[in-house]
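Chemist: In my numbering, the protein residues as written are 4 to 729.
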């Protein structure tokens, strides 16, 4: 027992000695010494305190010294932390400084920044030390602090190297070989473009089209009996697909303009002529349906003169061929005219080296994944080639012709369906072959970077514009409140925003009732593009706001239904499907799914949905009219009530209905009758030609010649003023 007490006493003595040594070092300001941080030994201080009997006195002091040196050096580092020097009250500022950075630059604390921003348009409740300040707010804070500011020199960012893929230089004419001409068939809707192509291919494409109207662009290779090959692009003639027609002319060599002999020049005919002129492509005129009795080919040729399309018989250079696509009349004459024009144009291409082409159409196939229809313009496409288009790339897995048959290679001028894309490229994108997958990643990364930079630039412009508008609005409000104290200002602002602060969720929903949120799904990129172009023309935002919350390709999915539920929207699908489970989910959540295969029916349904969002309008339906022929008054109690002696001129007067008094074309009163009499008898209805006396529910003096109108109010559904143009 005594031995244990002695050991405890020795421990206390040794600990006291160590503490004295530490205190002495502290008094001598050892922390100013330029010692480097030293790690303690493998035996930390806590082990010394637990087992002091294993340590000698000098070792204990040595460990304490090491620990003190480490702490002192740390303290010295803190003391040496540099502060930003202030030169005569000048502050160096830059764009996008945070609150904390500005406070440090000014040599102030963060509270000073908050104080300087009082009575400004900055929301102090949402301001954090790491919140970014606008440049004009930074300047305002510095000025309020009695300092001057100067802009910091911008560090020149290292310019990112352009790693984009580009086309090869023009090929040596010696290596060029003949290629099939690419011919685009253009014309008005239902003038027989697809039927013409059917007759040339001996297929029945038209019978498979929804409503007999081409909804997509199609690329087909036609083998003529003479052995010649022609690549045809069949474009939609409907007004909605203008972008598709423009895309078709951009990759074509020759345009066949199909005009129905009985209809003549129509709206899309004129547009097709303009597309061909813009692309600098020669025309061949095919006057279709010449087998009909009402056909008038000469009228068609004369009408085209007004649009600078001059046929050969009028001294121009446009070949005109009268055909009947349905009966197959003169189709070989049209094909020979096309081949002859192609020979004049001397169409050749380089079939060696890296591939170049254009995406004609793209879609997301359920079994194949992202698929594109493309025209090869240079090189020969084979399996395994690495391609880049837009911001996606592909390693070609399979290729198919227009009949779905697998092919091993595609040379210039040949249409081909390509599988192997990582994402669906946009129709019209340029296809370029690159050396490797790594190179493809570099190209896509560069294009994504460029797009992000452009997007950021646009967003900054919008933000600056909104900020400017907000500042002007704020300054106007401040001018109105400048004569008030800050307490009075606060009270005025509270009253102005009270209705928004305390509005219930149900009331907010009512406020947003005239908003139609839509999700658009299409089978191919071109269809979605056409629909979005139509929706871009929507100009009735004051009646009902149209909000496109999502668009894409493929069948209706569960994600689309959930998104529609979140935004209380409607799902519109064009040439896509929704399976039974999706329909059941939509029905359970109360989400409408609208599926269509014909574009104009799609738009009609969309307009109906817009109309359903509009408030009901009240319409007055006149039931009867009466003229005031005499005026007299009746005493009831102590008051005199004006009474009008009337004759019903038209319809009838029904006491249950509403009435209005018209004098010199102006409505003097609206309301109901207090009494209606015929020969001193109270009645409910007075018919045409009958006389009556009536009094109003309000004391109004009558004049001879006044008109009494009996009417009923009906609520009628309004219709949107938006006109998509077809």
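All residues carry an ideal CB built from backbone N, CA and C; glycine is no exception.
Under 8 Å between the Cβ atoms of residue 674 and residue 699?
Modeler: As a first step, residue 674 must be located in the chain shown, where it is residue number 671. As a first step, residue 699 must be located in the chain shown, where it is residue number 696. Result yes, Cβ atoms of residue 674 and residue 699 sit closer than 8 Å.
Chemist: Determine the closest residue to residue 551 out of 545, 566 and 366, with distance taken between C-alpha atoms.
Modeler: The sequence position of residue 551 within the chain shown is 548, counting from 1. Ranking 545, 566 and 366 by Cα distance to residue 551 puts 566 first.
Chemist: Which residues share a DSSP beta bridge with residue 553?
Modeler: Position 550 of the chain shown, counting from 1, holds the residue named residue 553. Answer is 522.
Chemist: Taking the alpha helix (DSSP H) that residue 530 belongs to, which residues open and close that run?
Modeler: Translated into the one-based positions of the chain shown, residue 530 becomes position 527. From DSSP, the alpha helix (DSSP H) with residue 530 extends over 528-539.
Chemist: On the criterion of 16 or more Cβ atoms from any shown chain inside 10 Å, does residue 109 qualify as buried, or is it exposed?
Modeler: As a working mapping, residue 109 is identified with position 106 in the chain shown. Classification of residue 109: buried, given that the 10 Å Cβ count is 16 or more.
Chemist: Tell me whether the beta-carbon of residue 231 lies closer than 8 Å to the beta-carbon of residue 324.
Modeler: Here residue 231 refers to the residue found at position 228 of the chain shown. Here residue 324 refers to the residue found at position 321 of the chain shown. No, these two residues do not count as a Cβ contact at 8 Å.
Chemist: Please state whether the Cβ-Cβ distance between residue 3 and residue 183 is less than 8 Å.
Modeler: For the chain, the structure presents residues 4 to 729; residue 3 sits outside this window and is missing.
Chemist: If we ignore side chains and look at the alpha-carbon of each, how far apart do residue 228 and residue 263 end up?
Modeler: Here residue 228 corresponds to residue number 225 of the chain shown, with the count starting at 1. Here residue 263 corresponds to residue number 260 of the chain shown, with the count starting at 1. Distance between the alpha carbons of residue 228 and residue 263 is about 26 Å.
Chemist: Could you check which residue in 685, 530 and 534 has the C-alpha nearest to that of residue 366?
Modeler: Indexing the chain shown from 1 puts residue 366 at position 363. With distances taken between Cα atoms, residue 366 lies closest to 530.
Chemist: Among the candidates 705, 225 and 589, whose CA atom is the shortest distance from the CA of residue 663?
Modeler: Locating residue 663 in the chain shown gives position 660, counting from the first residue. With distances taken between Cα atoms, residue 663 lies closest to 705.
Chemist: Where does the unbroken beta strand (DSSP E) through residue 182 begin, and where does it stop?
Modeler: Residue 182 sits at position 179 when you count from the first residue of the chain shown. No beta strand (DSSP E) contains residue 182, which DSSP labels as neither H nor E.
Chemist: CA-CA distance, residue 434 and residue 553?
Modeler: As a first step, residue 434 must be located in the chain shown, where it is residue number 431. As a first step, residue 553 must be located in the chain shown, where it is residue number 550. Using only the alpha carbons, I get a separation of about 27 Å.
Chemist: Do residue 187 and residue 236 count as a contact pair if the criterion is CB distance below 8 Å?
Modeler: Translated into the one-based positions of the chain shown, residue 236 becomes position 233. Translated into the one-based positions of the chain shown, residue 187 becomes position 184. Taking 8 Å as the Cβ cut-off, residue 236 and residue 187 qualify as a contacting pair.
Chemist: Got a sec, what are the start and stop residues for the alpha helix (DSSP H) residue 2 sits in?
Modeler: The requested residue 2 is not part of the displayed model; the chain covers only 4 to 729.
Chemist: Can you tell me where the beta strand (DSSP E) with residue 715 in it begins and where it stops?
Modeler: Locating residue 715 in the chain shown gives position 712, where the first residue counts as 1. Counting along the chain, the beta strand (DSSP E) containing residue 715 begins and ends at 710-719.
Chemist: Could you spell out where the alpha helix (DSSP H) holding residue 270 opens and where it closes?
Modeler: In the chain shown, the residue the question calls residue 270 occupies position 267. 270-282 is the extent of the alpha helix (DSSP H) around residue 270.
Chemist: What residue range does the beta strand (DSSP E) around residue 422 cover?
Modeler: Locating residue 422 in the chain shown gives position 419, where the first residue counts as 1. In the DSSP assignment, residue 422 falls within the unbroken beta strand (DSSP E) covering 418-424.
Chemist: In angstroms with no decimal places, state the Cα-to-Cα distance between residue 598 and residue 339.
Modeler: By one-based count along the chain shown, residue 598 stands at place 595. By one-based count along the chain shown, residue 339 stands at place 336. So the alpha carbons of these two residues sit roughly 43 Å apart.
Chemist: With C-beta atoms as the reference, is residue 364 less than 8 Å away from residue 102?
Modeler: As a working mapping, residue 364 is identified with position 361 in the chain shown. As a working mapping, residue 102 is identified with position 99 in the chain shown. In this structure, residue 102 does not lie closer than 8 Å to residue 364 by Cβ.
Chemist: Take the Cβ of residue 428 as the centre, count every other Cβ of all protein chains shown within 10 Å, and call the residue buried at 16 or more, exposed below.
Modeler: Translated into positions along the chain shown, residue 428 becomes position 425. With 16 or more Cβ atoms within 10 Å of its Cβ, residue 428 is classed as buried.
Chemist: Tell me the DSSP bridge mates of residue 402?
Modeler: Start at 1 with the first residue of the chain shown, and residue 402 comes out as number 399. Note: residue 402 sits in a beta bridge opposite 421.
Chemist: List the endpoints of the continuous beta strand (DSSP E) containing residue 317.
Modeler: By 1-based counting over the chain shown, the position of residue 317 is 314. Residue 317 -> no beta strand (DSSP E), and no H or E assigned at all.
Chemist: Could you compute how far the alpha carbon of residue 642 sits from the alpha carbon of residue 631?
Modeler: Counted from its first residue, the chain shown places residue 642 at position 639. Counted from its first residue, the chain shown places residue 631 at position 628. For residue 642 and residue 631, the distance between alpha carbons rounds to 22 Å.
Chemist: Measuring only the C-alpha atoms, how far is residue 335 from residue 259?
Modeler: Numbered from 1 along the chain shown, position 332 holds the residue referred to as residue 335. Numbered from 1 along the chain shown, position 256 holds the residue referred to as residue 259. The straight-line gap from Cα to Cα measures roughly 14 Å.
Chemist: Can you grab the Cα-Cα spacing for the pair residue 697 / residue 626, in whole Å?
Modeler: Counted from its first residue, the chain shown places residue 697 at position 694. Counted from its first residue, the chain shown places residue 626 at position 623. Those two C-alpha atoms are separated by around 17 Å.
Chemist: Below 8 Å, can you find three or more Cβ-Cβ pairs linking the region 406-423 to the region 372-380?
Modeler: yes
Chemist: Could you tell me which uninterrupted beta strand (DSSP E) segments, each at least 3 residues in length, are contained entirely in the region 348-394, listed from first to last along the chain?
Modeler: 359-368, 372-381 and 389-392
Chemist: Which class does residue 628 belong to by DSSP, given the choice of helix, strand or coil?
Modeler: What you label residue 628 is simply residue 625 of the chain shown in a count that begins at 1. The answer is strand: DSSP assigns residue 628 an E or B state.
Chemist: Can you give the beta carbon distance from residue 389 to residue 437, rounded, assuming they're within the 8 Å contact cut?
Modeler: Taking the first residue of the chain shown as 1, we reach residue 389 at position 386. Taking the first residue of the chain shown as 1, we reach residue 437 at position 434. Taking 8 Å as the upper bound for CB-CB distance, residue 389 and residue 437 are in contact here, some 5 Å apart.
Chemist: Cα separation between residue 384 and residue 403?
Modeler: The sequence position of residue 384 within the chain shown is 381, counting from 1. The sequence position of residue 403 within the chain shown is 400, counting from 1. So the two alpha carbons sit approximately 12 Å from each other.
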